[in-house]
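Anchor point for the sequence shown: position 270 equals 270 in this note's numbering, and the numbering is continuous, going up by one each time. The beta carbon of each residue, even a glycine, is placed where N, CA and C say it ideally should be. Reviewing the structure listed below.
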Amino acid sequence: MKQFVRGLCTVLAACLLAGCAPAHVEYVTAIPKVDAPWDVRQNPEGGQPTARPASTAQDLTNVYGSALLLGWPCVLYSIYLDTPEGDVWTEETLAQTRRNLTVAVDWITRQAEAYRAAPKLYYDQGEGDLTAFVSCPVELTEDATSGNDFYDYVDTLTAAVDTDAIARAYGTSSIGYLIFVPAAGCSYSILHYLEDGEYYLNEFSCLYLYDVYEDPGTFEGPAVYAHEILHLFGASDLYEDSSDVYVTPELTGYVARQWPDAIMYYTYNDDNSISYDHIEKTICPLTAYRLGLCDTFPGIERFPGAAADPPGTYSAEPGGSGRDLGFLLDGVAA
1 MKQFVRGLCT VLAACLLAGC APAHVEYVTA IPKVDAPWDV RQNPEGGQPT ARPASTAQDL
61 TNVYGSALLL GWPCVLYSIY LDTPEGDVWT EETLAQTRRN LTVAVDWITR QAEAYRAAPK
121 LYYDQGEGDL TAFVSCPVEL TEDATSGNDF YDYVDTLTAA VDTDAIARAY GTSSIGYLIF
181 VPAAGCSYSI LHYLEDGEYY LNEFSCLYLY DVYEDPGTFE GPAVYAHEIL HLFGASDLYE
241 DSSDVYVTPE LTGYVARQWP DAIMYYTYND DNSISYDHIE KTICPLTAYR LGLCDTFPGI
301 ERFPGAAADP PGTYSAEPGG SGRDLGFLLD GVAA
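As structure tokens, this is what we get:
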């Protein structure tokens, strides 16, 4: 099972990763300015698909984190880590990673369409404008790339990304960060909680090149990429030992019976294999509800904890801070 982890880093903390100085942030590539207007480049029908009032943009980020909602346009910015010691990206591994990402994004888009949603996810397709390669002078093991020190280090990287240029180029301030590590590990995501308010805003998924549960050299699959990307928009792990407080053993059992192919429950194929050109899973109604793609799900009366907080958000205590979002969403087109 792929784990979901909540980060404990502080947004403005210094980089504490042993040997990693903030100077390495300079490797993050600024987004080049794109002069073509939005409606010509991205939306042939004209107009922006989302009209979010500028006065509420920061308030919304404080609620949802940097990736905001799946129903709004979002940029997935890729940061590829490597090291001088040999943990580097090759043409083969980079191509495999980008194929996985393409399959994952295409699958998310098609699945959302089943709920009459039309997400617009912009991501690295090898053109360079949504990509940065960062040299980190420590070995990129699973242990070294998890924990508070690493979370703080990633925060310095994401803070250096030119988000204003992204907003100009893609017409959205919604950004989720993908941190790619050329090593074996259990992929995870660090997310914003309602209680965090203006802190811990930059949400990211750490995606390993190789599946730590398989034979050495086995690439991670696109289903894991999709699973982790959905975390950025509010999807919770639905398997046993999920860190989400409303995911009880009773709920996990219900999901296993009702939606055994739910991607937030299990990422491998039914025969425990990995597919690289497609994903044999679904966004189940419960996950669709948490993503804000629908307004209810079968079993909502039985599991009210899943509806205690607004879709697209996480909370340490269901029904806690940020429950009433009406004042934020007035006039916002989802």
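With a cutoff of 8 Å on beta-carbon distance, Leu201 and Ser187 are scored as not near each other. Beyond the five residues adjoining it in sequence on each side, Tyr122 comes within less than 6 Å, by CB distance, of Val75, Tyr170 in the same chain, given in chain order. Per DSSP, Asp106 lies in no beta strand (DSSP E) segment; the continuous alpha helix (DSSP H) that holds it begins and ends at 91-113.
In the three-state reduction of the DSSP assignment, Ala308 falls in the coil class, being assigned neither a helical nor a strand state. Between Arg290 and the set Thr61, Ser273, Asp211, Leu232, the nearest pair of CA atoms involves Leu232. Counting along the chain, the unbroken beta strand (DSSP E) around Ala132 starts and ends at 131-135. Under the Cβ criterion (8 Å, minimum of three pairs), the region 217-229 does not count as touching the region 245-255. Secondary structure in the region 269-307: no beta strand (DSSP E) run of 3 residues or longer lies completely within the stretch. Its chain contains Ser275, Glu280 as the residues whose beta carbon lies nearer than 7 Å to that of Asn269, once the 5 sequence neighbours on both sides are disregarded; these appear in chain order.
Between Gly234 and Gly299, the C-beta gap is not smaller than 8 Å, which leaves the two residues out of contact. Within the DSSP bridge table, the entry for Ile79 names Ala132, Ile179 as partners. Distance from the CA atom of Arg98 to the CA atom of Gln125, rounded to whole angstroms, is 7 Å.
Between the region 69-84 and the region 177-184, the count of C-beta pairs closer than 8 Å reaches three or more; the two stretches touch.
As far as DSSP is concerned, Ile166 takes part in no beta bridge.
Buried is the label assigned to His227, since at least 16 other Cβ atoms lie within 10 Å of its Cβ. For Gly171, the three-state secondary structure derived from DSSP is coil. Looking at Tyr239, Gly253, Phe297, His278, the one whose alpha-carbon comes closest to that of Cys284 is Phe297. With 16 or more other CB atoms across the displayed protein chains lying within 10 angstroms of its CB, Thr145 is buried.
Comparing alpha-carbon positions, the option among Gly292, Tyr266, Asp261, Leu293 lying closest to Thr282 turns out to be Asp261. Looking from the CA of Ser243, the closest CA among Glu91, Val63, Ala316 belongs to Ala316.
In the three-state reduction of the DSSP assignment, Asp211 falls in the strand class. When secondary structure is reduced to three states using DSSP, Leu69 falls in the coil class, being assigned neither helix nor strand. Per DSSP, Tyr239 lies in no alpha helix (DSSP H) segment and is marked neither H nor E. For Ile229, there is no enclosing beta strand (DSSP E); the residue is part of the alpha helix (DSSP H) that begins and ends at 222-232.
Taking the Cα positions, Cys294 is about 47 Å away from Pro84. A residue is called buried when at least 16 other Cβ atoms come within 10 angstroms of its Cβ; Pro216 does not meet this threshold and is exposed. Residue burial is scored here from C-beta neighbours: Glu240 has fewer than 16 other C-beta atoms within 10 angstroms and is therefore classed as exposed. Pro73 sits away from Thr141, with the two beta carbons spaced by 8 Å or more. Rounded to whole angstroms, Ser205 and Ala95 show a C-alpha spacing of 19 Å.
Counting the other Cβ atoms within 10 Å of the Cβ of Ala118 gives fewer than 16, which makes it exposed.
Between Leu194 and Asp59, the C-beta spacing is not below 8 Å. In the three-state DSSP reduction, Gly147 falls in the coil class, being neither helix nor strand. Residue burial is scored here from C-beta neighbours: Asp237 has at least 16 other C-beta atoms within 10 angstroms and is therefore classed as buried.
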